[in-house]
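Taken in order, the sequence shown gives residues 1 to 463; the numbers are from the UniProt record's numbering.
Report on the structure given below.
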Amino acid sequence: MGLWVRESSFYKNFFRLTLLIALQNIITLGVNLSDNLLLGGYSQAALSGVALANQIQFVLQMLVMGAAEGLVILSARSWGAKNLEAVKKAASIGMRIALLVSLVMWVVVFVFPHGCMSLFTNEDRVIEEGAAYLRIICFSYLFFAVTNVLLASLRSVEIVRIGFIVSLSTLIINVCLNYVLIYGHFGFPRMGVSGSATATLAARIIETFIVIVFIKRFDRRLMLKLKDFYRIDMQLFRQYLRIGSPILMANLLWACAMGAQSAILGHMGEASIAANSVATTVFQLVTVITYASASATAVVIGKTIGEGHISKIKTYSKTLQLLYLFIGLATGLVLFVAKDYVMDLYAISSDAKTLAVQFMTVLSITVVGTAYQMPALTGIVRSGGDTKFVLYNDFIFMWLIVLPASALCAFVFGLSPLMTFICLKCDQILKCFVALVKVNRFRWIRTFGTDTAPVDSTKSAAT
1 MGLWVRESSF
11 YKNFFRLTLL
21 IALQNIITLG
31 VNLSDNLLLG
41 GYSQAALSGV
51 ALANQIQFVL
61 QMLVMGAAEG
71 LVILSARSWG
81 AKNLEAVKKA
91 ASIGMRIALL
101 VSLVMWVVVF
111 VFPHGCMSLF
121 TNEDRVIEEG
131 AAYLRIICFS
141 YLFFAVTNVL
151 LASLRSVEIV
161 RIGFIVSLST
171 LIINVCLNYV
181 LIYGHFGFPR
191 MGVSGSATAT
201 LAARIIETFI
211 VIVFIKRFDR
221 RLMLKLKDFY
231 RIDMQLFRQY
241 LRIGSPILMA
251 NLLWACAMGA
261 QSAILGHMGE
271 ASIAANSVAT
281 TVFQLVTVIT
291 YASASATAVV
301 IGKTIGEGHI
311 SKIKTYSKTL
321 QLLYLFIGLA
331 TGLVLFVAKD
341 YVMDLYAISS
351 DAKTLAVQFM
361 TVLSITVVGT
371 AYQMPALTGI
381 VRSGGDTKFV
391 LYNDFIFMWL
401 IVLPASALCA
411 FVFGLSPLMT
421 FICLKCDQIL
431 KCFVALVKVN
441 RFRWIRTFGT
451 DTAPVDSTKS
461 AAT
């Protein structure tokens, strides 16, 4: 069995999905980048406050994405089996879970904005700016949940262009309103971080409206209706929980871990907060292909299993791993070259700029590991049906190794922010060894009740 797939349709489908999802992701990140850049020119305290406030948004995002990922795993298989009714039922379940999560997050953030910010830093100016942002942005949580579950439902049946259109509209609206409201142009009041939050809230409301209009007027494949969300299939719901609950838990642990990382750096001074914000934003921008490849993989692997072509999975997985490595090397090179040029866009202190360049240098190396292990584990293994492994893996690496070691570096041994940052990112390389063994043993393929297509006779890889 060769390392490379010889089917042109495989590459066409994978790269089409990857590029379209990447375009959507890069524009979505453009929204965060516009906030980052415009607030970076407004004040360092505003930039730092919003950066830490967005850690709470990140928790919500990971939980909603967890609900969406469980939906995609079930729905992509149903799509491969031509069972559209199961896709609609999965969409209903995913929507209920995402709305419940976003509602709880909204209540907590709206009632305790200062308390939430105090988890990340003890800098009074940063806490005040972040709390002002949270009071407004929390109203966008429900709209964010609805939009992303609907887009995940469409993505699972290989409708991805609408995600690009939605993200582009959000970017344009957000940038224009940010410019007007943060600085008070064209007669509007100078609102600072509150203006940024208002701009993002408006953009989230409009993007939800666009997705709903697309589904109602233009979608001829899935044809979701409002009544589809009123009903729930309890058998599928139990199956969704069995598959999706490890994903939700893994995403929650990961989001909390990212928040803990920001808290560790946040307690090392305002310069560290700003530097981490800049480095993370640029990192997210150049790794859109990596994260898109994981999403595309979930659809490709899930659909292939749903079609019953288990014998193709081994070759597909080997080819995908090689593609991930090429993506990682290219991404690392781009980040290393770009790191010195982006700093001219930020009005932050020289100490923060120096730290940001150092952080990006570290990330240009660790990103190669990220580009391999992340899609290999969350794209191949998870979509293959072994949804618990990523949960166990992340818990061990992040909560038992990386975070305790980083806390010791920062608060016991008194090491520099750079050394602490290296410790925080070391798991991205270490996980590669685990991913290499896990993926290539092929013990992660599972079949579910929604897999109604006939499975081929060569299913020896499945357990």
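Just so it is clear, CB atoms sit at the ideal spot from N, CA and C, and this is done for glycine as well.
With distances taken from CA atoms, which of 269, 212 and 245 is nearest residue 416? What you label residue 416 is simply residue 416 of the sequence shown in a count that begins at 1. Per the Cα distances, 269.
Considering just the uninterrupted stretch of the alpha helix (DSSP H) at residue 83, what are its terminal residues? Position 83 of the sequence shown, counted from the start, is the residue given in the question as residue 83. No alpha helix (DSSP H) holds residue 83; DSSP gives it neither H nor E.
Terminal residues of the alpha helix (DSSP H) in which residue 232 lies: Working through the sequence shown from its first residue, we reach residue 232 at position 232. Premise fails: residue 232 is in no alpha helix (DSSP H) and is neither H nor E.
C-alpha distance - residue 147 paired with residue 376, whole-angstrom precision: Locating residue 147 in the sequence shown gives position 147, where the first residue counts as 1. Locating residue 376 in the sequence shown gives position 376, where the first residue counts as 1. Taking the straight line joining both Cα atoms gives about 26 angstroms.
Can you round the beta-carbon distance between residue 154 and residue 222 to whole angstroms, since I take them to be within the 8 angstroms contact cut? For this step, residue 154 is matched to residue 154 along the sequence shown. For this step, residue 222 is matched to residue 222 along the sequence shown. About 6 angstroms separates the two Cβ atoms, so the contact holds.
What separation, rounded to the nearest whole angstrom, lies between the Cα atoms of residue 202 and residue 136? Taking the first residue of the sequence shown as 1, we reach residue 202 at position 202. Taking the first residue of the sequence shown as 1, we reach residue 136 at position 136. Going by the C-alpha atoms only, they are around 11 angstroms apart.
Any idea what DSSP makes of residue 66, helix, strand or coil? Locating residue 66 in the sequence shown gives position 66, counting from the first residue. Helix at residue 66.
Thinking C-alpha only, which one of 257, 132, 91 and 286 is nearest residue 399? Translated into positions along the sequence shown, residue 399 becomes position 399. The shortest C-alpha separation from residue 399 is found at 257.
Any idea if residue 232 is buried or exposed, counting beta-carbon neighbours within 10 angstroms, 16 or more meaning buried? Translated into positions along the sequence shown, residue 232 becomes position 232. Exposed is the call here.
By DSSP, does residue 348 sit in helix, in strand, or in coil? Here the question's residue 348 lines up with position 348 in the sequence shown. Residue 348 falls in the coil class under three-state DSSP.
Which residues does DSSP list as the beta-bridge partners of residue 385? If you number the sequence shown from 1, residue 385 lands on position 385. Paired residues: 445.
CB-CB under 6 angstroms to residue 481, same chain, minus the five flanking residues each way: which ones, in chain order? Given that the chain is displayed from residue 1 to residue 463, the structure contains no residue 481 and the question cannot be resolved.
Rounded straight-line distance, which links the Cα of residue 378 to that of residue 395: For the purposes of this step, residue 395 is identified with residue 395 of the sequence shown, where counting begins at 1. For the purposes of this step, residue 378 is identified with residue 378 of the sequence shown, where counting begins at 1. When rounded, the distance between both Cα atoms is 14 angstroms.
Who are the Cβ neighbours of residue 18 in its own chain at under 6 angstroms, not counting the five residues just before and after it? Numbered from 1 along the sequence shown, position 18 holds the residue referred to as residue 18. Cβ neighbours of residue 18 beyond the five flanking positions: 292, 293 and 296.
Counting only the same chain and skipping the five closest in sequence on each side, list residues whose C-beta sits under 7 angstroms from that of residue 167. As a first step, residue 167 must be located in the sequence shown, where it is residue number 167. Counting only Cβ-Cβ distances below 7 angstroms, and skipping sequence neighbours, we find 24, 27 and 28.
Can you say whether residue 414 is buried or exposed, counting buried as having 16 or more other CB atoms within 10 angstroms of its CB? Translated into positions along the sequence shown, residue 414 becomes position 414. So residue 414 counts as exposed.
Provide the residue span of the alpha helix (DSSP H) that contains residue 164, from first to last. Counting from one through the sequence shown, the residue named residue 164 turns up at place 164. Element bounds for residue 164: 161-183.
Is it true that the CB of residue 275 sits closer than 7 angstroms to the CB of residue 407? The residue labelled residue 407 in the question sits at position 407 within the sequence shown. The residue labelled residue 275 in the question sits at position 275 within the sequence shown. Contact: no.
Endpoints, alpha helix (DSSP H) assigned at residue 341: Residue 341 sits at position 341 when you count from the first residue of the sequence shown. Neither: residue 341 is in no alpha helix (DSSP H) and is coded neither H nor E.
Helix, strand or coil for residue 413? Go by DSSP, reduced to three states. Mapped onto the sequence shown, residue 413 falls at position 413. Residue 413: coil per DSSP, three-state reduction.
For the alpha helix (DSSP H) that residue 292 lies in, which residues bound it at each end? Position 292 of the sequence shown, counted from the first residue, corresponds to residue 292. Note, residue 292: alpha helix (DSSP H), 288-307.
Between the alpha carbons of residue 48 and residue 175, how many angstroms are there, rounded? As a working note, residue 48 is residue 48 in the sequence shown. As a working note, residue 175 is residue 175 in the sequence shown. When rounded, the distance between both Cα atoms is 19 angstroms.
Go ahead and label residue 184 buried or exposed: buried means 16 or more other beta carbons lie within 10 angstroms of its beta carbon, across all protein chains shown. Indexing the sequence shown from 1 puts residue 184 at position 184. Its Cβ having fewer than 16 others within 10 Å, residue 184 is exposed.
Can you give me the C-alpha to C-alpha distance between residue 8 and residue 253, rounded to a whole angstrom? Locating residue 8 in the sequence shown gives position 8, where the first residue counts as 1. Locating residue 253 in the sequence shown gives position 253, where the first residue counts as 1. About 38 angstroms.
Classify residue 54 as buried or exposed, calling it buried when 16 or more other Cβ atoms lie within 10 Å of its own Cβ. Locating residue 54 in the sequence shown gives position 54, where the first residue counts as 1. Looking at its Cβ environment, which holds 16 or more other Cβ atoms inside 10 Å, residue 54 is buried.
Beta-carbon proximity of residue 321 to residue 369, cut-off 7 angstroms: Position 321 of the sequence shown holds residue 321. Position 369 of the sequence shown holds residue 369. No.
Using the beta-carbon count (16 or more within 10 Å), is residue 70 buried or exposed? Locating residue 70 in the sequence shown gives position 70, counting from the first residue. That one is buried.
Backbone secondary structure at residue 222 - three-state DSSP: Within the sequence shown, residue 222 is the residue found at index 222, counting from 1. Three-state result, residue 222: coil.
Got a sec? Which residues, its chain only, sit under 6 angstroms from residue 144 by beta carbon, not counting five neighbours each side? Stepping through the sequence shown from its first residue, residue 144 is reached at position 144. 204, listed in sequence order.
Residues near residue 339 by beta carbon distance below 6 angstroms, same chain, minus five either side: Numbered from its first residue, the sequence shown carries residue 339 at position 339. Same-chain partners within the cutoff: 357 and 360.
How would you call residue 12, buried or exposed, if buried means at least 16 neighbouring beta carbons within 10 angstroms? As a position in the sequence shown, residue 12 is number 12, starting the count at 1. Flag for residue 12 reads exposed.
Using CA coordinates, which residue listed in 225, 410 and 173 is at the minimum distance from residue 262? To locate residue 262, count along the sequence shown from 1; it is residue 262. Out of 225, 410 and 173, 410 has the C-alpha closest to the C-alpha of residue 262.
Who are the Cβ neighbours of residue 343 in its own chain at under 6 angstroms, not counting the five residues just before and after it? One-based indexing of the sequence shown puts residue 343 at position 343. 353.
Which one of 332, 439, 330 and 192 has the shortest CA to CA distance from residue 315? Mapped onto the sequence shown, residue 315 falls at position 315. When each option's Cα is compared against that of residue 315, the closest is 439.
Return the CA-CA distance between residue 187 and residue 207, expressed in angstroms with no decimal places. Residue 187 sits at position 187 when you count from the first residue of the sequence shown. Residue 207 sits at position 207 when you count from the first residue of the sequence shown. Going from the Cα of residue 187 to the Cα of residue 207 covers about 26 angstroms.
Within 10 angstroms of the Cβ of residue 404, are there 16 or more other Cβ atoms? Answer buried if so, exposed if not. In the sequence shown, the residue the question calls residue 404 occupies position 404. Result: exposed.
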